[in-house]
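Residue numbers (our numbering): 1 to 51. C-beta: ideal position from N, C-alpha, C; glycine also. Nothing here was measured: the structure is a model prediction, and the numbers come from that model.
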């Protein structure tokens, strides 16, 4: 019974760790997309000033 408890506890810890990494990855993707949008806006603003 003790082994089952240990295995379940380790499985839950790993599952939580895996989910946390997934959320962090999604957060980084969103930040990268925001930076791309900001860069595109700056490019458009720069081009507008050059005209």
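Going along the chain, which residues of its own chain have a beta-carbon closer than 8 Å to the beta-carbon of residue i, five neighbours each way excluded?
{"i": "residue 12", "result": "none"}
Whole angstroms is fine: what's the gap from residue i's alpha carbon to residue j's?
{"i": "residue 9", "j": "residue 31", "result": "33 Å"}
{"i": "residue 18", "j": "residue 27", "result": "14 Å"}
{"i": "residue 16", "j": "residue 51", "result": "53 Å"}
{"i": "residue 48", "j": "residue 37", "result": "16 Å"}
{"i": "residue 21", "j": "residue 1", "result": "31 Å"}
{"i": "residue 7", "j": "residue 14", "result": "11 Å"}
{"i": "residue 4", "j": "residue 34", "result": "45 Å"}
{"i": "residue 40", "j": "residue 29", "result": "17 Å"}
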